[in-house]
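First up is the structure itself, then whatever we jot down about it.
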Amino acid sequence: MVLEVALIDVAPGQESDFADAYRSAVKELIGVEGCRTVRMTQGVETPSRFVLLVEWDSVEAHEQNFRATERFGRWRAAIGPYFAAPPHVEHFTDVETD
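Residue numbering for the sequence shown follows our numbering, starting at 27 and increasing by one per position.
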């Protein structure tokens, strides 16, 4: 499992509209093969900063089953107009414990 973390800065004053757009567009992520969970959080100290957390079976599942499809285009068209800058996206894996 990998965790996609996307840091999203939204244009100030557009936070509510962005959240509404996310609520409508999240259906593009839910149900994608290899997508386990989706969660969007909003900054307390910086309300225009959001963090998208998506658990994927693998990086390939994210890239091939979502990013390379029309779903991603619809997702980006819905939420992209609110971006103050391009999101910073990285993938992470858990640190194993004994």
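For glycine and all other residues, C-beta sits at the position ideal for the given N, C-alpha and C.
- Taking a contact as a CB-CB distance under 8 Å, the pair residue 28 and residue 101 does not count as one, their CB atoms being some 18 Å apart.
- When only Cα atoms are considered, residue 111 and residue 96 end up about 22 Å apart.
- Checking the DSSP bridge columns, you'll see residue 75 partnered with 35.
- Judged by DSSP in its simplified three-state form, residue 90 adopts helix.
- Note on geometry: alpha-carbon atoms of residue 113 and residue 61 lie some 19 Å from one another.
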